[in-house]
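Q: One structure, as C-alpha cells, below. Some questions next.
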Amino acid sequence: MIAVPDAASVVDPERFGTVFDAHYEEIRRYIGRRLDLDIAEDLAAETFLIAFRRRHRFDPQKGMIRPWLYGIATNLIGRHRRSELRRYRALARTGPPTDDDRHDQRIVDQVSAGTTVGRLSGALARLSPGERDVVLLIAYSGLTYDEVAAALGIAYGTVASRLNRARTKLNESLRWGPE
Amino acid sequence: MNEFKLIDTAMPDAPPSDPEQTAAVRARVLRGSRTRRRSGKPAAAALAALATVTVIVAIVGIPRLTGPFPASPADRRESSSGRYWRVIMEENRLWRTSGNYFLRQRLSHVQWRRTGLVDETAAWGPEANLVDEKRFLSSEPATAADRRAWKRAGSPESCEYLKCRAADLRVGQTKFDLLPGSWFWQNGFSGPPLTNLDPMKLPGDPSTLRSAILRFWPEGDHPEKAWDVPAKDMPTKDDWLWGTSTDILTQLPISSATRTAFYRMLTELPGARVIRRSGTVTIARALQDGYLEQHVVFDPATGKLSALEYVLLKRDPARRGGAGDFSSLPKGTVIDQLTFTQMGWTDEDPGLPQGCTLREQQTCGP
Chain A
45 MIAVPDAASV
55 VDPERFGTVF
65 DAHYEEIRRY
75 IGRRLDLDIA
85 EDLAAETFLI
95 AFRRRHRFDP
105 QKGMIRPWLY
115 GIATNLIGRH
125 RRSELRRYRA
135 LARTGPPTDD
145 DRHDQRIVDQ
155 VSAGTTVGRL
165 SGALARLSPG
175 ERDVVLLIAY
185 SGLTYDEVAA
195 ALGIAYGTVA
205 SRLNRARTKL
215 NESLRWGPE
Chain B
2 MNEFKLIDTA
12 MPDAPPSDPE
22 QTAAVRARVL
32 RGSRTRRRSG
42 KPAAAALAAL
52 ATVTVIVAIV
62 GIPRLTGPFP
72 ASPADRRESS
82 SGRYWRVIME
92 ENRLWRTSGN
102 YFLRQRLSHV
112 QWRRTGLVDE
122 TAAWGPEANL
132 VDEKRFLSSE
142 PATAADRRAW
152 KRAGSPESCE
162 YLKCRAADLR
172 VGQTKFDLLP
182 GSWFWQNGFS
192 GPPLTNLDPM
202 KLPGDPSTLR
212 SAILRFWPEG
222 DHPEKAWDVP
232 AKDMPTKDDW
242 LWGTSTDILT
252 QLPISSATRT
262 AFYRMLTELP
272 GARVIRRSGT
282 VTIARALQDG
292 YLEQHVVFDP
302 ATGKLSALEY
312 VLLKRDPARR
322 GGAGDFSSLP
332 KGTVIDQLTF
342 TQMGWTDEDP
352 GLPQGCTLRE
362 QQTCGP
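Taken in sequence, the protein lines are chains A and B. FYI, the numbering for the first sequence is 45 to 223, going by our numbering. FYI, the numbering for the second sequence is 2 to 367, going by our numbering.
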C-alpha cells in the first residue's frame with residue numbers, strides 16, 4: 045500500500061520517496077496524455093527532480109502536494125507546446141491509434157470514437173495555451189478550480205474565465221466539427 | 002456528459018509505466034541527478050554525434066578573423082560564480098516621433114538574472130528570476146532641424162514610449178521590471194528554450210557550438226510548420242543562428258571560451274563581414290529584410306563584448322514602419338546601440354525601492 049505523503053514528506057529528503065510513490069504514475073499519465081510518451085517519460089522524471097530540488101519552496105499554506113506537482117508538470121509541458129499541438133493535429137487527421145485489444149469492437153463504434161477524438165483534438169489545438177492547461181488539468185487530474193488556480197499560480201477568477209471561453213470553443217467544435 | 006468527462010473518456014490514454022524504469026527514475030530523483038536527454042542517448046554520445054556534423058560554410062571573399070582569439074585575462078580575474086549574472090548596458094537609440102522628427106534617447110539597463118532558478122516552479126516560487134532596472138537618461142532632438150520641428154510641435158514631453166501614459170518612464174526616472182527567468186529579448190525570432198539550455202555548458206568550439214544551437218532550430222527540417230509568419234518572412238537557418246547567437250551573447254551567462262566560439266561562428270555565417278578598427282573588431286551581417294545591419298562589436302584583447310548596433314543599410318521611402326521610418330537618414334546611421342559596460346557574476350542584490358518585492362510580472366516605480 046502506498047503511504048499518503050504529508051507536507052513534511054516534501055521537505056524531508058529521506059521521506060520524499062513517499063511523494064514519488066504516491067504521485068509519479070498519475071503525473072506521468074497526465075503528461076503522457078498531452079505529449080508523446082518518450083517526452084512524457086523524461087518530463088515526469090524532471091517534474092519530480094525539480095520538486096525534489098525545490099522542495100524547500102513548497103508552501104503547504106498555498107495548497108497540497110498534487111496541485112504543486114501538476115503545476116510543475118504543466119509548466120514543463122509548456123516548453124513542448126509545438127509537440128503537443130502536432131499531436132492534436134495528427135489525432136484530428138487520423139483519430140486515435142488502433143488498439144489491438146479492441147479487435148472485436150464494432151467498426152461503427154471505432155469510427156464514432158475516431159470522429160470524437162478528431163473533433164476534440166482539433167478543438168484542443170485551437171484553445172490558447174492557458175485555456176488548454178486549465179481544461180486538461182480538470183479533465184485529466186480531477187483537480188478542483190481552486191487547486192488548478194494554485195497549480196498554475198493564477199487567480200480563481202482567471203480559471204473560471206478561461207474555462208468559460210474554452211467550453212464555448214469546445215462546444216462549437218463538437219457541434220460543428222473542425223473548421 | 003460534460004466536456005471534461007468526454008475529454009477524459011475519449012482522448013487516448015498513456016500506457017502504464019514499466020516498473021523497472023520507474024524504479025530507475027525513482028533512484029535518480031532521490032539522488033537528485035539530472036534526467037537523461039530526450040533523445041535517450043547519453044549526453045556525451047549525443048554531443049559526439051553532433052560534433053561529427055560538418056556545418057561550417059566557407060564563403061570565398063568574406064574577410065575572416067585570422068589567428069587565435071586571445072584568451073581573456075580579464076575574464077579569468079572575474080568571479081566565476083555568484084547569485085546573479087549581471088549585465089550593465091546603455092542604450093542609445095533614435096526614435097521617430099509622430100511629428101516626423103527624430104529624438105536621440107539614452108537609457109541604462111542593469112539586468113540581474115538569477116540562473117539558479119528557472120521558471121518551471123514559477124507557480125509556486127513567485128520570486129522574479131530577472132530584474133531589469135531601467136533608467137531613462139535623456140531624450141533630445143537628434144539634430145538642429147529635429148529641434149526646430151520639436152519646438153513647432155509644442156516641445157512635447159518625451160517618454161519611454163511614443164505616447165506618454167501614466168506608468169511610462171520619463172527622463173530621470175527609474176523603474177524595475179520583474180520578469181520570469183526564461184524572459185529575454187528575442188532578436189533571434191524564436192530562441193532556444195533557454196530553461197532547457199544551460200548556457201554555461203555551451204561548448205567552446207565553433208562547429209560544436211553551432212551544432213548545439215541548431216538542435217533548437219524549430220521543427221528540424223520543416224521550420225515552416227513552426228513559424229506563425231508568412232513564408233516570405235520566415236528566417237533562414239543562418240538568420241536564425243545569427244539572431245539567437247546575439248541574443249545569448251548579450252544576455253546570458255556564458256564562459257569566455259564560448260563567447261569566443263560565438264564570434265568565430267558568426268564570422269563564418271554567409272553574408273557576415275569583419276571590420277577591424279583600432280581596439281575593436283566588428284562582425285556585421287544584414288538582418289533578414291536587408292534594411293538594417295547588425296554589428297557585434299568586441300574587444301580583441303579581452304574577448305569582451307563591447308556593443309551591439311543596428312545600422313541603417315538600405316533606405317526605402319515607400320516603406321512605412323520598422324526600418325522604413327529611418328529612410329530620411331543617411332545610410333550607415335546607427336539606429337540603436339547597446340553598449341556593454343559590465344557583464345559577469347555578482348552577489349550584489351538589486352537595490353529595489355522600498356515596498357518593491359521580487360514578484361514576477363510586476364513593475365516597481367516610478
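By construction, the Cβ of each residue, glycine as well, lies at the ideal position given by its N, Cα and C atoms. Given the structure is predicted, the values throughout are model-derived calculations rather than measurements.
Buried or exposed, going by whether 16 or more other CB atoms sit within 10 Å of the CB of B:D19?
A: Taking the first residue of the second sequence as position 1, residue 19 of chain B is located at position 18. Classification for B:D19: exposed.
Q: Return helix, strand or coil for A:I94, following the three-state DSSP convention.
A: By one-based count along the first sequence, residue 94 of chain A stands at place 50. Residue state, collapsed to three classes: helix.
Q: Shortest alpha-carbon distance to B:D350 belongs to which of B:D133, B:R32 and B:P157?
A: One-based indexing of the second sequence puts residue 350 of chain B at position 349. Comparing Cα positions, the closest option is B:D133.
Q: Report the CB separation of A:R206 from A:G174 in whole angstroms; it is logged as a contact under 8 Å.
A: The residue given as residue 206 of chain A occupies position 162 in the first sequence. The residue given as residue 174 of chain A occupies position 130 in the first sequence. The pair is a contact, with the Cβ atoms about 6 Å apart (cut-off 8 Å).
Q: Contact between the segment 75-84 of chain A and the segment 22-30 of chain B: three or more CB pairs below 8 Å?
A: Touching, no.
Q: Taking C-beta to C-beta, are B:T175 and B:R114 nearer than 7 Å?
A: The count along the second sequence starts at 1 and reaches residue 175 of chain B at position 174. The count along the second sequence starts at 1 and reaches residue 114 of chain B at position 113. Not in contact: B:T175 and B:R114 (Cβ atoms no closer than 7 Å).
Q: When burial is assigned at 16 or more other CB atoms within 10 Å of the CB, is B:F5 buried or exposed?
A: Walking along the second sequence from the start, residue 5 of chain B turns up at place 4. Buried is the call here.
Q: In chain A, which residues lie less than 8 Å from B:F5 when you measure between Cβ atoms?
A: Within the second sequence, numbered from 1, the residue matching residue 5 of chain B stands at position 4. Near B:F5 (Cβ distances below 8 Å), the residues of chain A are V179, I182 and A183.
Q: Can you check DSSP and say which residues form a bridge with B:P142?
A: Locating residue 142 of chain B in the second sequence gives position 141, where the first residue counts as 1. For B:P142, which the question treats as bridged, DSSP gives the partners B:L104.
Q: Taking the alpha helix (DSSP H) that A:D56 falls in, what are its first and last residues?
A: Translated into the one-based positions of the first sequence, residue 56 of chain A becomes position 12. Element bounds for A:D56: n/a, residue is neither H nor E.
Q: When the Cα atoms are used, what is the spatial distance from B:L203 to A:A84?
A: For the purposes of this step, residue 203 of chain B is identified with residue 202 of the second sequence, where counting begins at 1. For the purposes of this step, residue 84 of chain A is identified with residue 40 of the first sequence, where counting begins at 1. Spanning the two alpha carbons is a distance of roughly 25 Å.
Q: Please say whether B:D206 and B:A262 have beta carbons closer to each other than 7 Å?
A: As a first step, residue 262 of chain B must be located in the second sequence, where it is residue number 261. As a first step, residue 206 of chain B must be located in the second sequence, where it is residue number 205. Cβ distance < 7 Å, so B:A262 and B:D206 count as in contact.
Q: Excluding the 5 residues flanking B:P354 on each side, which residues of the same chain have their C-beta closer than 8 Å to its C-beta?
A: Residue numbering aside, residue 354 of chain B sits at position 353 when the second sequence is read from its first letter. Correct list, in chain order: F177, C365 and G366.
Q: Which residues bound the alpha helix (DSSP H) around A:G122?
A: Translated into positions along the first sequence, residue 122 of chain A becomes position 78. A:G122 -> alpha helix (DSSP H) spans I109 to G122.
Q: Please state if the CB of A:I71 and the CB of A:A88 are separated by a distance shorter than 7 Å.
A: Start at 1 with the first residue of the first sequence, and residue 88 of chain A comes out as number 44. Start at 1 with the first residue of the first sequence, and residue 71 of chain A comes out as number 27. Yes, the pair counts as a contact, with Cβ atoms nearer than the cut-off.
Q: Only counting the same chain, and skipping five residues up and downstream in sequence, which positions put a Cβ closer than 7 Å to that of B:C160?
A: Translated into positions along the second sequence, residue 160 of chain B becomes position 159. Closer than 7 Å at Cβ, skipping near neighbours: D169, L170 and R171.
Q: Is A:L87 near the ligand NAD, with its Cβ less than 6 Å from a heavy atom?
A: Ligands displayed in this structure: none; no statement on the ligand NAD is therefore possible.
Q: Is B:S257 helix, strand or coil when you go by DSSP?
A: Looking up residue 257 of chain B in the second sequence gives position 256. B:S257 falls in the helix class under three-state DSSP.
Q: Should B:R94 and B:F103 be called a contact, given that it needs their Cβ atoms to be closer than 7 Å?
A: Taking the first residue of the second sequence as 1, we reach residue 94 of chain B at position 93. Taking the first residue of the second sequence as 1, we reach residue 103 of chain B at position 102. Not a contact, by the Cβ cut-off of 7 Å.
Q: Between B:S328 and chain A, is any beta-carbon pair separated by less than 7 Å?
A: Within the second sequence, residue 328 of chain B is the residue found at index 327, counting from 1. Chain A, which has no Cβ nearer than 7 Å to the Cβ of B:S328, makes this no.
Q: Determine the chain A residues that contact B:L31 at a beta-carbon separation under 8 Å, and present them in chain order.
A: For the purposes of this step, residue 31 of chain B is identified with residue 30 of the second sequence, where counting begins at 1. The contacting residues are P57, F60, G61, F64 and F96.
Q: Determine the DSSP secondary structure at B:E269, reduced to helix, strand or coil.
A: As a position in the second sequence, residue 269 of chain B is number 268, starting the count at 1. Here B:E269 sits in helix by DSSP.
Q: Taking C-beta pairs closer than 9 Å, name the residues in chain B that A:Y68 reaches, listed in chain order.
A: Taking the first sequence and counting its residues from 1, one reaches residue 68 of chain A at position 24. Result: S18, T23, V26, R27 and V30.
Q: Below 7 Å between beta carbons: does that hold for B:P301 and B:V275?
A: As a first step, residue 301 of chain B is located in the second sequence; it is residue number 300 there, counting from the start. As a first step, residue 275 of chain B is located in the second sequence; it is residue number 274 there, counting from the start. Cβ atoms of B:P301 and B:V275: not closer than 7 Å.
Q: By a C-beta neighbour count over all protein chains shown, 10 Å radius and 16 as the cutoff for buried, is A:T118 buried or exposed?
A: Position 74 of the first sequence, counting from 1, holds the residue named residue 118 of chain A. It is buried - the Cβ of A:T118 has at least 16 other Cβ atoms within 10 Å.
Q: Just to make sure I have the definition right: I need the residues of chain A whose C-beta is within less than 9 Å of the C-beta of B:R213. Which are they?
A: What you label residue 213 of chain B is simply residue 212 of the second sequence in a count that begins at 1. Note on residue identity: the sequence assigns Ala, not Arg, to residue 213 of chain B. Correct list: empty, because the minimum Cβ distance to chain A is about 17 Å.
Q: Assuming contact is defined by CB atoms lying nearer than 7 Å, are B:V30 and A:F102 in contact in what I supplied?
A: By 1-based counting over the second sequence, the position of residue 30 of chain B is 29. By 1-based counting over the first sequence, the position of residue 102 of chain A is 58. No, Cβ-Cβ distance for B:V30 and A:F102 is not below 7 Å.
Q: At a CB distance below 7 Å, what residues from the segment 198-211 of chain A approach chain B? Give them in sequence order.
A: Listed by position along the chain: R211.
Q: Under 7 Å, do B:V88 and B:M344 count as touching if we go by C-beta distance?
A: Along the second sequence, read from residue 1 onward, the residue named residue 88 of chain B stands at position 87. Along the second sequence, read from residue 1 onward, the residue named residue 344 of chain B stands at position 343. Cβ distance < 7 Å, so B:V88 and B:M344 count as in contact.
Q: Can you give the Cα-Cα distance for B:D9 and B:T237, rounded to whole angstroms?
A: By one-based count along the second sequence, residue 9 of chain B stands at place 8. By one-based count along the second sequence, residue 237 of chain B stands at place 236. Rounded to the nearest angstrom, the two C-alpha atoms are 41 Å apart.
Q: Taking 7 Å as the threshold (beta carbon to beta carbon), is B:I8 in contact with chain D?
A: The structure shown contains no chain D; the protein chains it does contain are A and B.
Q: Taking B:V335 as the reference, which of B:W346, B:D317, B:E294 and B:D147 has the closest Cα?
A: On the second sequence, residue 335 of chain B is found 334 positions in, with the first residue counted as 1. Nearest C-alpha to B:V335: B:E294.
Q: Let me confirm a value: A:S165 is counted as buried when at least 16 other C-beta atoms fall within 10 Å, else exposed. Which label applies?
A: Translated into the one-based positions of the first sequence, residue 165 of chain A becomes position 121. Flag for A:S165 reads buried.
Q: Work out the CA separation of B:S140 and B:A150 for me, nearest whole Å.
A: Locating residue 150 of chain B in the second sequence gives position 149, where the first residue counts as 1. Locating residue 140 of chain B in the second sequence gives position 139, where the first residue counts as 1. The alpha-carbon atoms of B:A150 and B:S140 are separated by roughly 15 Å.
Q: Assign B:S99 to one of two classes, buried (16 or more other C-beta atoms within 10 Å of its C-beta) or exposed (fewer than that).
A: Taking the second sequence and counting its residues from 1, the one referred to as residue 99 of chain B is at position 98. Exposed, by the Cβ-count rule.
Q: Which of helix, strand or coil does DSSP assign to B:L7?
A: By one-based count along the second sequence, residue 7 of chain B stands at place 6. Three-state result, B:L7: helix.
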